[in-house]
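*Asks:*
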Amino acid sequence: MSILWLSLGFGLVTASILALSSVGLSLQFGVTNYINFAYGAFLSLGMLLTWTLTRPLHLPFWLGAALTIPICGLVAVVVDRVVLEPFVRRGGNLLYLLIVTFGLSLILDNIMQAAWGVGFFRFAVGQGADLHLGPFQFTVAQLVIIGVAAAVMVGVHLLLTRTRLGKAMRAMSDNPALARVSGIDTKRVTMSTWFLSGCLAGAAGIALALNIVSFQTTSGDDLLFVVFAAVILGGIGQTYGAMLGALVIGVVTEVSAVYVGSAYKSDVAFLILVVVLLVRPQGLIPALGKA
Amino acid sequence: MSPILVYLATLVVYFFIYNIFGFGLNIQFGYAGILDFAFITFMAVGGYLYGAAALPHETPGSQIYYVLGLSWSFPLALLLGILGAGAVGALVGLIALKRLRSDYLAIVTLASGTLIYGVIGNFTRLFDGWEGLMGVPQPFTGALNLNANTFVLFFVLVSGVIMAILWFFANRLYRSPLGRAMRAVREDIDVAEAYGKNAFKLRMTAMVIGCIYAGIGGALTIAFITALAPAGWSTGETFVIWALLLIGGRGNNLGAVVGSFLVAVLFTEATRYLPAIGGNPNLIPDLRNIVIGVLLIVTLRFRPQGLVPEPKTNFFAVPLTSRVLRRVRHEEVVGA
Chain A
2 MSILWLSLGF GLVTASILAL SSVGLSLQFG VTNYINFAYG AFLSLGMLLT WTLTRPLHLP
62 FWLGAALTIP ICGLVAVVVD RVVLEPFVRR GGNLLYLLIV TFGLSLILDN IMQAAWGVGF
122 FRFAVGQGAD LHLGPFQFTV AQLVIIGVAA AVMVGVHLLL TRTRLGKAMR AMSDNPALAR
182 VSGIDTKRVT MSTWFLSGCL AGAAGIALAL NIVSFQTTSG DDLLFVVFAA VILGGIGQTY
242 GAMLGALVIG VVTEVSAVYV GSAYKSDVAF LILVVVLLVR PQGLIPALGK A
Chain B
14 MSPILVYLAT LVVYFFIYNI FGFGLNIQFG YAGILDFAFI TFMAVGGYLY GAAALPHETP
74 GSQIYYVLGL SWSFPLALLL GILGAGAVGA LVGLIALKRL RSDYLAIVTL ASGTLIYGVI
134 GNFTRLFDGW EGLMGVPQPF TGALNLNANT FVLFFVLVSG VIMAILWFFA NRLYRSPLGR
194 AMRAVREDID VAEAYGKNAF KLRMTAMVIG CIYAGIGGAL TIAFITALAP AGWSTGETFV
254 IWALLLIGGR GNNLGAVVGS FLVAVLFTEA TRYLPAIGGN PNLIPDLRNI VIGVLLIVTL
314 RFRPQGLVPE PKTNFFAVPL TSRVLRRVRH EEVVGA
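Chains A and B, in that order, give the protein sequences.
Numbering-wise, the first sequence is residues 2 to 292 according to the numbering used here.
Numbering-wise, the second sequence is residues 14 to 349 according to the numbering used here.
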């Protein structure tokens, strides 16, 4: 029984990391209506930048992480303006945008590999002491991950419901043309969305690196399709759906690892993805006209 | 025999094999609009099955594990590779092509590719895991008494003949009613379905044919270089094939040939012998992938039709065999 509680605890940690990353991906999809296959590279960028700022440059960990997150956001905005927007403006077939983001992931991965090398990295901060909370057992780092993810989810909820930007994002997600004629500055909203998406990816990358301890330039891509599974399970482009999907995928993969072995965790996520696509492709919380 | 001749012959074999990959992806994407981001996985399936069937039975205690080990001849092993690649392609298509959204399709192919990559790497018993298959016997060497050099020249002939047949078939498919229906699905899936075309069936056909092309290319690759390991078919390799097709011109098999010459042969080979910069052996391959990615995005931005564009369909150029029909058409068009 205790092993089940333990894995349930790990599931919550994984769900937190997935929630950060899938909300970032889902927000951007909702507003721009195409999937960003280069998203995994932004996760990796988050880990590697934090590593550089805290190991060779000796900044304290919290400062390194705090600097990394907006940098990831800015990189996402630059990538969108320089590479993706020309294709969006031209309109036409969605297929080409997907190929472009696929190519982008290759370019970014190789840039990171050229800059950081192929070895393994680890942060200066460890996992911290083991803490027992009822039947659960977490390290300090894992508790921080859960806390940060919960705070960010509340923040995203407040942003979407209480601010002009959040309302504009939801409006664009529902109907971009109608949003534009209603006087919403769609260019600014798109840029803000990419910034937010990049920030969330950076934060998710740091959380992932803290949890897996030792990481490399491809670690972000390794998580990418688990993130896709969470996003599609929740309902593509649905922010709250992505949170729900992340929780389900995180807990199910970790608990199933007790039975099938931890090497096949991502295969379980793939299985869920397949079942969802075959049985309920619109996801748990369907978005109108998107599936 | 001069080493330069052998080197050039090797390049020609690579060129022919990349042509086959280009045709295969062209049938999937250029004909039917399928975003297959795991194309190289089907090459690997074909290659591994060919290799495992052509290899002799595994030696106990050698620490090298693989299934099959049947010492099969080239045609039989090739057939197994074709069947395997086609079957795996059908399986992935069954999941991916049910939905109409192209991003779901791309996600499923990418995820299946990652999954199969992990499974083949981790299950050492299957195809020797991350080490990969080695020492696959080169076909025909015994029967034709070939040495290492003459084998390369002979393989130019083998791969050339297979490539020519596949090129011919791909062009026939393009002009056939089946190919036309595939292109209709590519252009507008809803309209095609409204006209009674079964989009799922059409895209599935294109998917499986494309995967069979990939499998044949994979079998030829492993028969030629005698080894195949997961490092040789990472996602980056899929991207090389995408780049060659889109830079050459999607929807046009000649474009695939031009692209495979420029991207896969000329560019990759020209950068292969550059000295390592700053003692980092990975820097050149990294830079090469970056340049290929940039080239692709620039092509899509400024010349999305590629270097050799797909010819525009001219409906009145469709030959009408009947003399009467021809006159009717003439009257309708010219108004005489």
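Ideal Cβ positions, reconstructed from N, Cα and C, are used throughout, including at glycine.
Everything numeric in this text was worked out from a predicted model, so none of it was measured.
#1: Could you work out which residues of chain B lie near GLY104 (chain A), taking near to mean beta carbons separated by less than 7 Å?
#2: Among residues of its own chain, excluding the 5 on either side of ALA236 (chain B), which ones have a beta-carbon nearer than 6 Å to its beta-carbon?
#3: I need the DSSP call for LEU159 (chain A), collapsed to helix, strand or coil.
#4: May I ask you to report which of helix, strand or coil DSSP gives ASP201 (chain B)?
#5: Considering just the uninterrupted stretch of the beta strand (DSSP E) at PHE139 (chain A), what are its terminal residues?
#6: By DSSP, does ASP141 (chain B) sit in helix, in strand, or in coil?
#7: ASP268 (chain A) CB to nearest chain B CB: under 8 Å?
#8: Could you check whether SER17 (chain A) and ALA208 (chain A) sit closer than 8 Å to each other, using their CB atoms as the reference points?
#9: If you follow the beta strand (DSSP E) that ASP1 (chain A) is in, where does it begin and where does it stop?
#10: DSSP state of ARG165 (chain A), grouped into three classes?
#11: Closer than 7 Å: is that where the CB of TYR78 (chain B) sits relative to any heavy atom of the ligand MN?
#12: For the putative contact between LEU320 (chain B) and VAL271 (chain B), defined by C-beta atoms under 8 Å, what is the C-beta separation to the nearest angstrom?
#13: Which of the three DSSP states, helix, strand or coil, is assigned to LEU44 (chain A)?
#14: If we cut at 8 Å on Cβ distances, does PHE50 (chain B) have a partner in chain A?
#15: Only counting the same chain, and skipping five residues up and downstream in sequence, which positions put a Cβ closer than 6 Å to that of PHE11 (chain A)?
#16: State the DSSP-derived secondary structure class of SER189 (chain B), mapped to helix, strand or coil.
#17: Is VAL321 (chain B) close to chain A? Criterion is C-beta to C-beta, closer than 8 Å.
#18: Looking at the structure shown, is PHE88 (chain A) part of a helix, part of a strand, or coil, going by DSSP?
#19: What's the call for TRP246 (chain B), buried or exposed, on a 16-neighbour Cβ count within 10 Å?
#20: With 8 Å set as the bound, which would you pick, yes or no: does the beta-carbon of GLY290 (chain A) sit closer than that to a beta-carbon of chain B?
#21: Buried or exposed for ASN158 (chain B), going by 16 or more other Cβ atoms inside 10 Å?
#22: Would LEU257 (chain B) pass as an interface residue toward chain A - the criterion being a Cβ-Cβ separation below 8 Å?
#23: What beta strand (DSSP E) runs, 3 residues minimum, are completely inside the region 15-97 of chain B?
#24: When the cut-off is 8 Å and only beta carbons count, does ASN39 (chain B) lie next to chain A?
#25: Taking just the CA atoms, how far does SER267 (chain A) sit from VAL227 (chain A)?
#26: Roughly how many angstroms separate the alpha carbons of LEU95 (chain A) and TYR117 (chain B), rounded to a whole number?
#27: Run through DSSP, which three-state label would PHE153 (chain B) get?
#28: Counting pairs of beta carbons, one from the region 73-87 of chain A and one from the region 147-157 of chain A, are three or more of them closer than 8 Å?
#29: Can you pull the chain A residues whose beta carbon is under 8 Å from the beta carbon of GLY64 (chain B), in chain order?
#30: Name the DSSP beta bridge partners of SER215 (chain A), please?
#31: What does DSSP give as the partner residues of LEU146 (chain B) in its beta bridges?
#32: Give me, in chain order, the residues of the same chain whose beta-carbon lies closer than 7 Å to that of VAL253 (chain B); leave out the 5 immediate sequence neighbours on both sides.
*Replies:* Judging by the given coordinates:
#1: Indexing the first sequence from 1 puts residue 104 (chain A) at position 103. Simply PHE252, GLY306, LEU309 and ILE310.
#2: Counting from one through the second sequence, the residue named residue 236 (chain B) turns up at place 223. Closer than 6 Å at Cβ, skipping near neighbours: PRO152.
#3: Taking the first residue of the first sequence as position 1, residue 159 (chain A) is located at position 158. Residue state, collapsed to three classes: helix.
#4: Within the second sequence, numbered from 1, the residue matching residue 201 (chain B) stands at position 188. Reduced to three states, the DSSP call for ASP201 (chain B) is coil.
#5: Start at 1 with the first residue of the first sequence, and residue 139 (chain A) comes out as number 138. Segment 137-140, the beta strand (DSSP E) holding PHE139 (chain A).
#6: Against the second sequence, residue 141 (chain B) aligns to sequence position 128. In this structure, ASP141 (chain B) counts as coil in the three-state DSSP scheme.
#7: Numbered from 1 along the first sequence, position 267 holds the residue referred to as residue 268 (chain A). It does: the Cβ of ASP268 (chain A) has a partner Cβ on chain B nearer than 8 Å.
#8: Within the first sequence, numbered from 1, the residue matching residue 208 (chain A) stands at position 207. Within the first sequence, numbered from 1, the residue matching residue 17 (chain A) stands at position 16. Yes; because the gap between Cβ atoms is below 8 Å, this pair is in contact.
#9: Absent from the model: residue 1 (chain A). The displayed extent of chain A is 2 to 292, so no value can be given.
#10: Counting from 1 along the first sequence, the entry for residue 165 (chain A) is found at position 164. Correct three-state label for ARG165 (chain A): helix.
#11: By its list of ligands, the structure shown contains no ligand whatsoever, and the ligand MN lies outside what it can speak to.
#12: As a first step, residue 320 (chain B) is located in the second sequence; it is residue number 307 there, counting from the start. As a first step, residue 271 (chain B) is located in the second sequence; it is residue number 258 there, counting from the start. So it is a contact: roughly 6 Å between Cβ atoms.
#13: Within the first sequence, numbered from 1, the residue matching residue 44 (chain A) stands at position 43. Secondary structure of LEU44 (chain A) (DSSP, three-state): helix.
#14: Along the second sequence, one-based indexing puts residue 50 (chain B) at 37. Judged by the 8 Å Cβ criterion, PHE50 (chain B) is in contact with chain A.
#15: Counting from 1 along the first sequence, the entry for residue 11 (chain A) is found at position 10. Result list for PHE11 (chain A): GLU255, in chain order.
#16: The residue labelled residue 189 (chain B) in the question sits at position 176 within the second sequence. If DSSP states are grouped into helix, strand and coil, SER189 (chain B) belongs with coil.
#17: Locating residue 321 (chain B) in the second sequence gives position 308, counting from the first residue. By this cut-off, VAL321 (chain B) is not an interface position.
#18: For the purposes of this step, residue 88 (chain A) is taken as the residue at position 87 of the first sequence. Note: PHE88 (chain A) maps to helix in three-state DSSP.
#19: As a working mapping, residue 246 (chain B) is identified with position 233 in the second sequence. Buried, by the Cβ-count rule.
#20: Against the first sequence, residue 290 (chain A) aligns to sequence position 289. Low confidence applies here, because GLY290 (chain A) scores a pLDDT of 49, under 50, leaving its location unreliable; read the following figure in that light. With 8 Å as the cut-off, GLY290 (chain A) does not count as an interface residue toward chain B.
#21: Residue mapping note: residue 158 (chain B) aligns to position 145 of the second sequence, counting from 1. Its Cβ having fewer than 16 others within 10 Å, ASN158 (chain B) is exposed.
#22: As a first step, residue 257 (chain B) must be located in the second sequence, where it is residue number 244. Not an interface residue.
#23: Whole beta strand (DSSP E) segments, 3+ residues: zero.
#24: Start at 1 with the first residue of the second sequence, and residue 39 (chain B) comes out as number 26. No, because no Cβ of chain A sits closer than 8 Å to the Cβ of ASN39 (chain B).
#25: For the purposes of this step, residue 227 (chain A) is taken as residue 226 along the first sequence, with counting starting at 1. For the purposes of this step, residue 267 (chain A) is taken as residue 266 along the first sequence, with counting starting at 1. Near 7 Å, if we compare the C-alpha coordinates of SER267 (chain A) and VAL227 (chain A).
#26: Counting from 1 along the first sequence, the entry for residue 95 (chain A) is found at position 94. Counting from 1 along the second sequence, the entry for residue 117 (chain B) is found at position 104. Cα-Cα distance, rounded: 12 Å.
#27: Counting from one through the second sequence, the residue named residue 153 (chain B) turns up at place 140. Residue state, collapsed to three classes: coil.
#28: no
#29: As a position in the second sequence, residue 64 (chain B) is number 51, starting the count at 1. Under the 8 Å cutoff, chain A gives no residues; its nearest Cβ is about 24 Å from GLY64 (chain B).
#30: Locating residue 215 (chain A) in the first sequence gives position 214, counting from the first residue. According to DSSP, which records beta bridges pairwise, SER215 (chain A) is partnered with A:ARG123.
#31: The residue you call residue 146 (chain B) lines up with position 133 of the second sequence. LEU146 (chain B) pairs with B:LEU241.
#32: Within the second sequence, the letter at position 240 stands for residue 253 (chain B). For VAL253 (chain B), same chain residues with a beta-carbon under 7 Å away, outside a window of 5 residues either side, are VAL276, ALA277 and ILE305 in chain order.
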